[in-house]
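Worksheet: one structure, shown below.
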Amino acid sequence: MPFGLGIPEVVIVGLVALIIFGPKKLPEMGSSLGKAIRGFKSGISEDAASSEKTPESPDEKSQPQNVASRTGQEN
Numbered sequence: 001m002p003f004g005l006g007i008p009e010v011v012i013v014g015l016v017a018l019i020i021f022g023p024k025k026l027p028e029m030g031s032s033l034g035k036a037i038r039g040f041k042s043g044i045s046e047d048a049a050s051s052e053k054t055p056e057s058p059d060e061k062s063q064p065q066n067v068a069s070r071t072g073q074e075n
């Protein structure tokens with residue numbers, strides 16, 4: 001399992017959540033968490049899709065210039 005959690009740890013976390021929030025509130029919270037994760041994933045995929053469509057404009061780092069020519073001074 002991710003984060004180094006095994007089955008016993010997940011069961012303990014679930015039981016603690018059940019005790020704290022109660023059986024009526026737990027499904028509602030799970031639904032809210034699922035919607036939040038779904039929204040986060042769709043936002044990430046939209047961002048990745050928009051960054052693929054827009055070409056990157058060249059910046060000053062990709063086009064090296066002589067320092068003297070930028071400042072108007074020459075040797």
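In my numbering, the protein residues as written are 1 to 75. C-beta: ideal position from N, C-alpha, C; glycine also. Keep in mind it's a predicted model, so treat the numbers as computed, not measured.
Identify, in the order they occur along the chain, each residue of the same chain with its Cβ nearer than 7 Å to the Cβ of residue i, setting aside the five sequence neighbours on each side.
i, result
"Ser50", "none"
"Gly4", "none"
"Leu18", "Leu26"
What's the C-alpha gap between residue i and residue j?
i, j, result
"Arg38", "Asp47", "14 Å"
"Glu28", "Gly43", "23 Å"
"Pro23", "Gly30", "11 Å"
"Leu26", "Ala36", "15 Å"
"Leu33", "Phe40", "11 Å"
"Ile12", "Glu52", "43 Å"
"Val16", "Ile7", "14 Å"
What three-state label does DSSP hand residue i in the structure shown?
i, result
"Gly30", "helix"
"Gly22", "helix"
By Cβ distance, which residues of its chain are closer than 8 Å to residue i, with the 5 residues on each side in sequence left out?
i, result
"Phe21", "Met29"
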